[in-house]
Amino acid sequence: MTDTTAETGPPPGGRICIVGAGFMGCVIATMYAHHGYEAVLCDLRSDLLDSFAERARPIAATFSDDAATVDAILGRVTTTTELPEAVEGAFMVHEAVQEALEAKQAVFETLDTLCPPEVVLATNTSSLLLSDIAARVTHRARVLGIHYITPAHIIRAVEIIHDETTPPELVAWGRAFAESIDHVGVATPERPGFLINKIQFAMLTEIYRLVDEGIASRDDIDAAVRLSIGPRLALWGPLLTEDLIVPKSTALAVTYSLYRQTGDENFKGRDALRALVDAGDQGAMTGKGWYTFDAPNAEVVEERDRQLTDLLDWLRDRDAVTRLKVR
2 MTDTTAETGP PPGGRICIVG AGFMGCVIAT MYAHHGYEAV LCDLRSDLLD
52 SFAERARPIA ATFSDDAATV DAILGRVTTT TELPEAVEGA FMVHEAVQEA
102 LEAKQAVFET LDTLCPPEVV LATNTSSLLL SDIAARVTHR ARVLGIHYIT
152 PAHIIRAVEI IHDETTPPEL VAWGRAFAES IDHVGVATPE RPGFLINKIQ
202 FAMLTEIYRL VDEGIASRDD IDAAVRLSIG PRLALWGPLL TEDLIVPKST
252 ALAVTYSLYR QTGDENFKGR DALRALVDAG DQGAMTGKGW YTFDAPNAEV
302 VEERDRQLTD LLDWLRDRDA VTRLKVR
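This is the structure:
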């Protein structure tokens with residue numbers, strides 16, 4: 002990636018090639034087209050390309066209920082089976098082929114020879130290491146992970162994955178690109194699970210254990226999360242929630258209590274939390290925790306309770322679980 006590319010950022014309306022016309026490739030191409038980019042979808046399977054418009058129409062319809070607007074979005078996506086043609090003039094190529102290392106390595110090796118060094122080569126991998134995918138790439142400084150969370154056109158967080166060879170300018174470029182499509186880029190170094198799955202499966206593996214041991218039922222587990230943890234996390238995320246809900250000294254005490262009861266090292270009080278306690282930074286009640294609060298605690302608590310009440314009332318009125326027709 003050249004300094005010029007890093008300085009100018011993603012060009013508005015520029016050309017992006019998406020390699021792989023499966024489920025994620027279809028979503029990504031439609032999303033890029035909606036945000037004004039010229040999207041070129043490439044796949045060796047002509048049947049996937051032929052069915053693109055049919056598969057993409059419901060995705061485009063989430064952006065607008067106007068048929069003409071939907072048609073315009075789909076019209077900004079062209080399809081081809083020829084990779085050299087697809088990458089011509091693109092400022093970024095986004096790979097979305099099957100989650101198999103050899104397949105991705107082969108694509109990146111080919112892209113490295115087809116694309117000038119200033120073209121960003123991105124992967125949507127959900128589990129493979131960036132350094133492994135780019136093992137046969139010569140121009141490593143232009144390789145980046147841009148990993149969307151399903152449904153990608155609705156979920157706004159996108160992981161910007163980097164490794165030790167990724168220049169900071171490219172990470173910043175990735176964040177800027179995410180912003181250009183109304184997403185929020187969260188940077189994470191390559192590691193098993195990256196950031197989102199690392200957090201998500203830490204919770205899920207504990208839930209699986211609870212089910213295996215018969216400690217709680219399916220319905221009770223989902224209700225516990227949906228009506229307590231879930232709304233707070235949706236509003237504020239885990240660290241701001243802690244600032245708003247519990248003093249840091251209490252949070253630290255709970256971690257040590259769980260450690261003593263279970264012997265699980267994961268529950269042992271962590272350095273970052275201990276540092277906040279030692280500094281007297283208890284969260285909203287002292288004006289500083291993970292975050293710094295500009296308003297008095299009483300005002301913060303009043304606003305906290307208003308937001309949470311509004312969200313819970315909205316969820317109750319929606320009756321989301323019933324509408325899914327599950328049993």
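Residue numbering for the sequence shown follows my numbering, beginning at 2 and increasing consecutively. Where is the CB? At the ideal position from N, CA and C, for every residue including glycine.
Residues near T5 in its chain [Cβ-Cβ closer than 6 Å; skip 5 each side]: Translated into positions along the sequence shown, residue 5 becomes position 4. In this prediction, T5 scores a pLDDT of 44, lower than 50, which makes its location untrustworthy; no coordinate-derived value is stated.
Nearest to E207 (by Cα), restricted to the options F195, V226, P193 and E191: Counted from its first residue, the sequence shown places residue 207 at position 206. The residue with the shortest Cα to Cα distance from E207 is V226.
Residue closest to C27, alpha-carbon to alpha-carbon, out of L50, F92 and G10: The residue you call residue 27 lines up with position 26 of the sequence shown. Comparing Cα positions, the closest option is L50.
A91 versus L115 - alpha carbon distance: Here the question's residue 91 lines up with position 90 in the sequence shown. Here the question's residue 115 lines up with position 114 in the sequence shown. Computed Cα separation, rounded: 11 Å.
Under 8 Å between C-beta atoms of L131 and V121: What you label residue 131 is simply residue 130 of the sequence shown in a count that begins at 1. What you label residue 121 is simply residue 120 of the sequence shown in a count that begins at 1. Going by C-beta atoms, L131 is not nearer than 8 Å to V121.
Residue nearest to T151 in terms of C-alpha spacing, selected from R192, E191, F109 and I197: Here the question's residue 151 lines up with position 150 in the sequence shown. Nearest option by C-alpha distance: I197.
Bridge partner(s) assigned by DSSP for I147: By 1-based counting over the sequence shown, the position of residue 147 is 146. I161, per the DSSP bridge assignment.
Exposure of I230, with buried meaning 16 or more beta-carbon neighbours within 10 Å: For the purposes of this step, residue 230 is identified with residue 229 of the sequence shown, where counting begins at 1. I230 should be labelled exposed.
Span of the beta strand (DSSP E) around T80: Here the question's residue 80 lines up with position 79 in the sequence shown. Segment V78 to T81, the beta strand (DSSP E) holding T80.
Distance between beta carbons of L102 and I147, contact taken as under 8 Å: Here residue 147 corresponds to residue number 146 of the sequence shown, with the count starting at 1. Here residue 102 corresponds to residue number 101 of the sequence shown, with the count starting at 1. Rounded, the Cβ-Cβ distance is 18 Å, inconsistent with contact.
Cβ contact check for the stretch 104 to 111 and the stretch 65 to 82: 3 or more pairs under 8 Å: no
Delimiting residues of the alpha helix (DSSP H) encompassing E243: Against the sequence shown, residue 243 aligns to sequence position 242. G231 to I246 is the extent of the alpha helix (DSSP H) around E243.
I17 (DSSP reduced to helix, strand or coil): Your numbering for residue 17 matches position 16 in the sequence shown. In this structure, I17 counts as strand in the three-state DSSP scheme.
Candidates L129, A153 and D164, of which the one nearest A142 by Cα: Here the question's residue 142 lines up with position 141 in the sequence shown. Answer by Cα proximity: D164.
Spatially closest choice to I19 from P12, A40, R219 and A34, by CA coordinates: Here residue 19 refers to the residue found at position 18 of the sequence shown. The shortest Cα separation from I19 among P12, A40, R219 and A34 belongs to A40.
M286 and A153 closer than 8 Å at C-beta: Taking the sequence shown and counting its residues from 1, one reaches residue 286 at position 285. Taking the sequence shown and counting its residues from 1, one reaches residue 153 at position 152. No, the Cβ-Cβ distance between M286 and A153 is not below 8 Å.
Touch test, the stretch 58 to 71 against the stretch 177 to 187, Cβ-Cβ under 8 Å, three pairs minimum: no
Beta-carbon gap between K249 and G284 smaller than 8 Å: Numbered from 1 along the sequence shown, position 248 holds the residue referred to as residue 249. Numbered from 1 along the sequence shown, position 283 holds the residue referred to as residue 284. Closer than 8 Å, so yes.
Exposure of I156, with buried meaning 16 or more beta-carbon neighbours within 10 Å: One-based indexing of the sequence shown puts residue 156 at position 155. With fewer than 16 other Cβ atoms within 10 Å, it is exposed.
Inter-residue Cα distance where the pair is A335 and L274: A query on residue 335 cannot be resolved here, the shown segment of the chain reaching from 2 to 328 and no further.
M286, DSSP secondary structure in three states: Stepping through the sequence shown from its first residue, residue 286 is reached at position 285. Correct three-state label for M286: coil.
Collapsed DSSP secondary structure at E103 in the structure displayed: Start at 1 with the first residue of the sequence shown, and residue 103 comes out as number 102. Note: E103 maps to helix in three-state DSSP.
Nearest-angstrom Cα separation, counted from T310 out to L253: Here residue 253 corresponds to residue number 252 of the sequence shown, with the count starting at 1. Here residue 310 corresponds to residue number 309 of the sequence shown, with the count starting at 1. Roughly 27 Å between the two C-alpha positions.
Inside the stretch 197 to 228 only - alpha helix (DSSP H) runs reaching at least 4 residues: 197 to 213 and 219 to 225
Selection from S128, R16, P232 and D72 that minimises the alpha carbon distance to C43: As a position in the sequence shown, residue 43 is number 42, starting the count at 1. Residue R16 is the option with its Cα nearest to C43.
Nearest residue (CA-CA) to H36, options G21, A22, R46 and F64: Counting from 1 along the sequence shown, the entry for residue 36 is found at position 35. The shortest Cα separation from H36 among G21, A22, R46 and F64 belongs to F64.
Cβ neighbours of D282 in the same chain (closer than 8 Å, five flanking residues each side left out): Within the sequence shown, the letter at position 281 stands for residue 282. Once the five neighbours on either side are set aside, the close Cβ partners of D282 are K249, K289 and G290.
Beta-carbon separation (whole angstroms), I29 vs H95, contact threshold 8 Å: Within the sequence shown, numbered from 1, the residue matching residue 29 stands at position 28. Within the sequence shown, numbered from 1, the residue matching residue 95 stands at position 94. Yes, I29 and H95 are in contact; Cβ-Cβ is about 6 Å, under 8 Å.
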